[in-house]
Amino acid sequence: MSDPFDTINSLEDTHYNEGYKSGYDHGALHGLFEGRELGQEKCFEWWEELGYLEGQAQFWRRLAEVQGREGGGDAGKKMTSRTLKSIDQLLELIHSFPTINPTPSPTALPVPTTETPPTDLPSLITRIRAKYRLICSTLGVKPRLVVRQSVEGDVMADRGDDAGC
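Residue numbers (numbering that gives the first Met the number 0): 0 to 164.
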C-alpha cells in the first residue's frame with residue numbers, strides 16, 4: 000500500500016512542475032509570436048533597402064545602355080565592362096535573396112532533404128552592401144548606406160544624405 004502522506008509530501012513538487020510546464024508552454028507560444036513580429040520588421044527593413052539598391056542598379060544598367068546606344072558623348076562618363084559586370088553581379092545577388100520563408104509545422108519531424116541549405120541572410124545582405132559600395136566608388140557617387148527608419152508611427156524620414164545615390 001502507498002503511504003497516504005505521499006501526495007501531501009509531493010504537493011509542492013507537483014504544483015511546481017505543473018506551473019513550470021504551463022509557463023513554458025505559454026512562453027514558447029508568445030516567443031513564437033514575438034519572433035515572427037521581429038522577423039517581419041527586420042525583413043521589411045531589408046527589403047526596403049534591397050528595393051532601393053535594385054532600383055539604383057537598374058538605373059545604372061539602363062544608363063549604360065543609353066550611353067552605349069548614343070555612341071559619342073564624353074568617353075570619361077562611359078561605364079567600363081568591369082563596372083557593368085559588377086552591376087550585373089549586384090542584381091544577381093539581390094535576386095538570389097529569398098522571397099519566401101515557409102514556416103514548418105511545429106509537430107512535423109525534421110526530414111533530411113537533398114535541398115540546398117538555408118541562406119545566411121545577414122551574410123548575403125553584407126555581400127550586397129559591399130558590392131553596392133564598390134559600384135558607387137567605381138562610378139564616383141556617394142553611397143546611401145543608411146536605411147530609412149520608421150519615426151513616430153507611419154511617418155518615414157531619410158537619415159543620411161541622398162545627394163549621391
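For glycine and all other residues, C-beta sits at the position ideal for the given N, C-alpha and C.
A direct Cα-Cα distance of roughly 49 Å separates Trp59 from Gly26.
Per DSSP, reduced to three states, the secondary structure at Asp119 is coil, with no helix or strand assignment.
In the three-state scheme derived from DSSP, where H, G and I count as helix and E and B as strand, Val140 is classed as coil.
Rounded to whole angstroms, the gap between the alpha carbons of Gln55 and Tyr19 is 53 Å. Lys41 and Lys84 have their C-alpha atoms spaced approximately 30 Å apart. The Cβ-Cβ distance between Arg132 and Pro142 falls below 8 Å. For Asp5 and Asp24, the gap between their C-alpha atoms comes out near 28 Å. Following the DSSP letters along the chain, one finds Thr82 inside the alpha helix (DSSP H) bounded by residues Ser80 to Ser95. Thr82 is positioned such that its CB atom lies closer than 8 Å to that of Thr137. Annotation for Asn16: no residue places its beta carbon closer than 7 Å to its own, counting only its chain and skipping 5 residues before and after. With at least 16 other beta carbons inside 10 angstroms of its own, Leu92 counts as buried.
Rounded to whole angstroms, the gap between the alpha carbons of Phe96 and Trp45 is 10 Å.
If you draw a straight line from the Cα of Val140 to the Cα of Gly30, it comes to about 43 Å. Take Gly38, set aside five residues on each side of it, and the residues of its chain with a beta-carbon closer than 8 Å to its own are Asn100, in chain order. Each residue's CA atom was taken as its position, placing Phe32 and Ser21 some 17 Å apart.
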